[in-house]
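The structure appears right after this line, and notes come after that.
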Amino acid sequence: MLRDEKNKLENMLESFIYNCNIYGNAILDGDSTKANKAYKKIVAAKDDILSQEQLELLAPNLDSDLISIKIWTARYLLFSSTFSKRSEDILESISNSENNLFGTIAEQTLKEWKNGRLTLEH
113 MLRDEKNKLE NMLESFIYNC NIYGNAILDG DSTKANKAYK KIVAAKDDIL SQEQLELLAP
173 NLDSDLISIK IWTARYLLFS STFSKRSEDI LESISNSENN LFGTIAEQTL KEWKNGRLTL
233 EH
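Residue numbers (our numbering): 113 to 234.
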């Protein structure tokens, strides 16, 4: 991998993590404008990572202490043959343990996944 590509990928991974955290805080604060801005940046970072066929580089985030980062990472890694089962388990655990919006998001993500309506587009 060329140095510029590696730097871009590292920047996209950092952007993904940063904006997942911003999104989570905004959701809990009820700030939909901030959440929507962060969402767009999460998707853009994911798209760049995916375009380089490096989606599995998100995997270390499955161990994050921040639930919003775990949810977004697990949501995308559901599409990874290597991390799909672990991602499902993490989302299931969050949906069962969090009595807030994070639990609902995890539950709905799993529901859409199991019904075949989840895609990598969003």
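Every residue gets a Cβ at the ideal spot worked out from N, C-alpha and C, and that includes glycine.
So what does DSSP say about D141, is it helix, strand or coil? Here D141 sits in helix by DSSP.
Start and end of the alpha helix (DSSP H) containing G215? Where G215 is concerned, the enclosing alpha helix (DSSP H) starts and stops at 213-226.
Segment contact flag, the region 183-191 with the region 210-230, C-beta cutoff 8 Å, min 3 pairs: Contact between the region 183-191 and the region 210-230 is present, because at least three Cβ pairs lie under 8 Å.
Separation of D175 from F195, as counted between CA atoms: Going by the C-alpha atoms only, they are around 12 Å apart.
Note the first and the last residue of the continuous alpha helix (DSSP H) segment covering L178. Following the DSSP letters along the chain, one finds L178 in no alpha helix (DSSP H), marked with neither H nor E.
Please report the Cβ distance between A150 and N173, rounded to the nearest whole angstrom; I am assuming they are in contact, meaning their Cβ atoms lie under 8 Å. Not really, about 15 Å apart at Cβ, beyond 8 Å.
Once the 5 residues before and after R198 are set aside, which same chain residues still bring their CB inside 7 Å of it? The residues are L174.
Inter-residue spacing [alpha-carbon to alpha-carbon] between L114 and M124: M124 has its alpha-carbon roughly 15 Å from the corresponding atom of L114.
From L162, S144, D143, L140, residue whose alpha carbon lies closest to that of S192: Checking every option, the nearest Cα to that of S192 belongs to L162.
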